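Let me begin by presenting the structure, written as structure tokens, before commenting on it.
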Amino acid sequence: MTQVGEGQEAEETSPAVVTFGAPTVGELLAERYELVEHINNDSAGRLVWRGVDVVLRRPVAVVLRYPGGDSATEMLQAAVAASRVIHPNLVGVYDAIDEDDRAYVVREWVDGQSLRELVAADGPLDPARATAIGNAVASALAAVHATGMVHGNLHPGTVMISDDGRVVLADARTDGADSQENDLRAVGGVLYFALTGHWPHGEAPLHGATAGHGRAALPDAVRDAGGAIAAPRQMRAGVPAYLDDLTMDLLDAEIPPPSSDVLAAELSRLDIPADEQFLEQAGPLRFTAEPGEEPSPLAAAGGRKVAIGIAGLLAVALVGLLIGINALGGGDDGDKEPVAQPSNSAPATGGGAEPAAQVRKLTIQDVRIIDPDGDRAEVRNAEKVIDGNDDEGWETNSYRNNGKFGGLKKGMGVWIDLGAPHTVKQLEATLSATGATVELRTGARGDFPSSSSGDKQLVNAYSTLIGPANEDGGTKMIFNAFEPDQKYQYLLFWITKLPAKDSGNSWKLGVQEIVVQGS
């Protein structure tokens, strides 16, 4: 397992010359993080350890450099920047400490392997899985880019796939030479590597970044005499044309890439299980239009030359004919009255009123945990409340003294983004236990917070209640007091009281699933 994902294994790395500040098994850093096992060293000279947060009793990864000081500035700055962005496809950064003789970053521990390790063990991935990984990476970049920051270190070693299938992006850098465009080119490289097992940018890192960081160890792409790389479809069978085109367009330096949010939206559209594809995937994302083609509306909206092929729907109309039924017995046809046949059509009306919109399950585009009075230690796993599985979800820590978060917090919540304004009929939440008190609030998003102070501003802004609070409700909480003439996009499922557990000695709640219905 390579937790940073870009280095060589510890036994393959020469021992560090400097020994002052070297970590040891069992050592307690910052009176909180116990070092358990040395995992690997990376080519940038950092040591990666598996550790335990003894306060919150959770596994952590500790990335350590010694000595600290100026030599660790870039690492610490990158960690501070990464900690400001909360997203399910980004590795969470918990702490960054400089002790002069050494410096270290404490972050989320991921049980799994890097994309590089996965492809090395199992070979190139099938197109559906490669698309899903590309979608997760682009979504993570969209969150980073929305803050104006750059990841700067995207390659198969920093794309982690956890044992439960979660894809996370790790180890951001703050190299001033990097750009958001470089990040997007690297998404093309990741797709190319996932499909072929080869890295299309050669031994030199992307756009002249500092050498190393695990990229030189990747096999180079197959190239012709002029140095042009072979397309994935030329290297293996079964790669769809739309995915091949998308990958090669991202790698083409002559074609401006789309913004990360547009790319994430397109990969999300393509990342659909085969048994759920009601539309033919005939619409590749191309950044240039062929001669004579009309530009895509997305290209105009995003300022990019993006042309999306339109998938067509073939609608088949079934026309029922009223057929006269002859009476039994052989009389003249003209003597028989036609018998009216049953019809499923609604009776005609003279008013011409429009039919009511069909109520359906709405897609939740984003979900996050709001913790204004906490240390953000409980903001992980928000995505589990919308994964369709009632058996697992997000949960709070256990609190002592009372159900109001032990007097430490006024509340915590799940923030929901429906992607666009909708008429909402109902929100149903499945909880782990009875006895919780919950409010449902709404408001305008504004700038999404990445800190506890930002969370406080959001909670204050989300002051409009959707009906009364659901006090001491059951494991199925339903809110349906939505205004019929109002559109909703952002909701806040706000928990003010936790149910008791363990015979009343502690209080804790899990939110297993949230479903929103509307039109």
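Each residue of the sequence shown is one higher than the last, beginning at 1 in the UniProt record's numbering.
For every residue, glycine included, the Cβ atom is placed at its ideal position computed from N, Cα and C.
These numbers come from a predicted model, not from an experiment.
Alpha-carbon spacing of residue i relative to residue j, whole angstroms
i           : j    : result
A253        : Q457 : 42 Å
D275        : N460 : Low per-residue confidence applies at D275: pLDDT is 45, beneath 50, and the placement is therefore not dependable enough to give any value.
G189        : L251 : 7 Å
G411        : D371 : 7 Å
V379        : R368 : 7 Å
D249        : S260 : 14 Å
I478        : I514 : 10 Å
S506        : T437 : 16 Å
R107        : Q358 : 45 Å
V159        : A61  : 15 Å
A170        : T430 : 32 Å
L492        : E471 : 16 Å
V110        : G51  : 12 Å
S463        : I39  : 47 Å
G413        : R376 : 12 Å
A382        : G238 : 35 Å
residue 587 : W49  : The requested residue 587 does not occur in the structure, where the chain is confined to residues 1 to 519.
L246        : N135 : 12 Å
R400        : G406 : 5 Å
V187        : L141 : 9 Å
I86         : G92  : 7 Å
A72         : Q426 : 51 Å
D244        : N182 : 19 Å
L362        : L440 : 17 Å
Residue i (DSSP reduced to helix, strand or coil)
i    : result
G312 : Residue confidence for G312 is low, a pLDDT of 35 falling below 50, so the modelled location carries little weight and cannot support an answer.
E266 : helix
Q358 : coil
K409 : coil
S398 : coil
S260 : helix
P88  : coil
I255 : coil
R107 : strand
N404 : The question names Asn, but residue 404 is Lys in the sequence shown. The answer is coil: DSSP assigns K404 none of H, G, I, E or B.
R380 : coil
A132 : helix
D391 : coil
I323 : Its pLDDT being 39, under 50, I323 is placed unreliably in this model, and the coordinates cannot settle the point.
P219 : coil
D224 : coil
D417 : strand
S506 : strand
Residue closest to residue i, alpha-carbon to alpha-carbon, out of the options
i    : options                   : result
T434 : P256, A469 and G510       : G510
P484 : P421, D455, T475 and S432 : P421
P156 : H145, V144 and P219       : P219
R102 : L76, R116 and R368        : L76
A22  : R46, R32 and E31          : R46
T196 : I229, N480, Y399 and D53  : I229
P499 : T73, A170, T475 and K487  : T475
P124 : T464, E27, A194 and E439  : A194
E99  : L118, S432, A121 and L64  : L64
G443 : E428, D417, L427 and P468 : D417
R32  : T396, R441, Y94 and P67   : Y94
H201 : G227, V91 and Q180        : G227
A138 : D391, E266 and R57        : E266
S432 : A469, Q426, V385 and L440 : V385
A128 : N402, R185, I364 and Y242 : Y242
N89  : S519, A143, W394 and E34  : A143
Where the beta strand (DSSP E) containing residue i begins and where it ends
i           : result
P59         : R58 to R65
Q426        : V424 to L431
L76         : L76 -> not in any beta strand (DSSP E); alpha helix (DSSP H) instead, spanning T73 to S83.
A436        : A436 to T442
D53         : L47 to D53
I364        : Neither: I364 is in no beta strand (DSSP E) and is coded neither H nor E.
V516        : G510 to G518
residue 522 : This structure cannot settle anything about residue 522, because the visible part of the chain is limited to 1 through 519.
E34         : Y33 to N41
Residue interval of the alpha helix (DSSP H) (run including residue i)
i    : result
E251 : Contrary to the premise, residue 251 reads as Leu rather than Glu in this sequence. Where L251 is concerned, the enclosing alpha helix (DSSP H) stretches over A241 to L251.
P232 : P232 to M235
E117 : L115 to D122
Short CB-CB distance (under 8 Å) between residue i and chain C
i   : result
A96 : Absent from the structure: chain C. Only one protein chain is present.
| Any alpha helix (DSSP H) of 4 or more consecutive residues that is wholly inside the region 138-201 | 180-196
| request: Enumerate, from N- to C-terminal direction, the unbroken alpha helix (DSSP H) stretches of 4 or more residues contained entirely within the region 448-494. | output: 452-461
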